[in-house]
Amino acid sequence: MDMARALLMVIRDLNRFLNLFRKRGFKVEEGTHAVLTDGSEVGSWRVLQGDKSIAEILSHYVDSHYYELIKLPDDAEDRKIIEALIRAEAHGLWRVPVEPVLLLLFEESAEELLRGYSDEYPSEEAREAARHYLEHHGARVLKNFVNDLLTHSGHQDRI
């Protein structure tokens, strides 16, 4: 692959998607991570084959913590919030993208691995958390990021 390819891919189970690379022998390193004010999160991952980066992944998602927190009243006490977060950890962590995942592919091996990939929500709770987020907040973090990059680079006609 002479040039990097950028893809947007609909993923419903981020953990399963990241494990796809691990199961094929690639190393997946977590990069930047942030919790946004609306309770969603943004994270990046680098996929390595040996020491060579073959892909970068950027995702805007909600997780099992978000699901537990949306069940609380707005005026919940700190103790209730902490209990909800502990409950989320006890039931296992899942992550569900709320908009297409941005993939930067640097090698054919990464692109070949993605062919035919599809998944579903890891649980009904995950589906409900994604639905709640989209109804209450929308999903424009990565879309706005990509639009800004293309606009500032002079390629707004490619949006």
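In case it helps, the numbering used here puts the sequence shown at residues 4 to 162. Quick reminder that beta carbons are idealized off the backbone N, C-alpha and C, glycines included.
Exercise. In the DSSP assignment, what are the bridge partners of L105?
Worked result: Counted from its first residue, the sequence shown places residue 105 at position 102. Bridge partners of L105: L11 and L61.
For this session: For the beta strand (DSSP E) containing K30, list its first residue and its last residue.
Result: The residue you call residue 30 lines up with position 27 of the sequence shown. Looking at the DSSP string, the run of the beta strand (DSSP E) that includes K30 is K30 to V38.
Exercise. Around the C-beta of Y120, are 16 or more other C-beta atoms found within 10 angstroms, so that it is buried, or is it exposed?
Worked result: Locating residue 120 in the sequence shown gives position 117, where the first residue counts as 1. By the 10 Å Cβ count, Y120 comes out exposed.
Exercise. What's the C-alpha gap between E1 and H140?
Worked result: This structure cannot settle anything about residue 1, because the visible part of the chain is limited to 4 through 162.
Exercise. Is it buried or exposed for I89, if we count other Cβ within 10 angstroms and need 16 for buried?
Worked result: The residue you call residue 89 lines up with position 86 of the sequence shown. So I89 counts as exposed.
Exercise. L145 and M12: beta carbons closer than 8 angstroms?
Worked result: In the sequence shown, the residue the question calls residue 145 occupies position 142. In the sequence shown, the residue the question calls residue 12 occupies position 9. Not in contact: L145 and M12 (Cβ atoms no closer than 8 angstroms).
Exercise. Quick one: what's got a C-beta closer than 7 angstroms to L23's C-beta in the same chain, skipping five residues either side?
Worked result: By one-based count along the sequence shown, residue 23 stands at place 20. If we look at L23 and ignore the five residues flanking it on each side, its Cβ neighbours are L116 and Y120.
Exercise. Taking C-beta to C-beta, are D16 and V99 nearer than 8 angstroms?
Worked result: The residue labelled residue 16 in the question sits at position 13 within the sequence shown. The residue labelled residue 99 in the question sits at position 96 within the sequence shown. A contact, by the Cβ cut-off of 8 angstroms.
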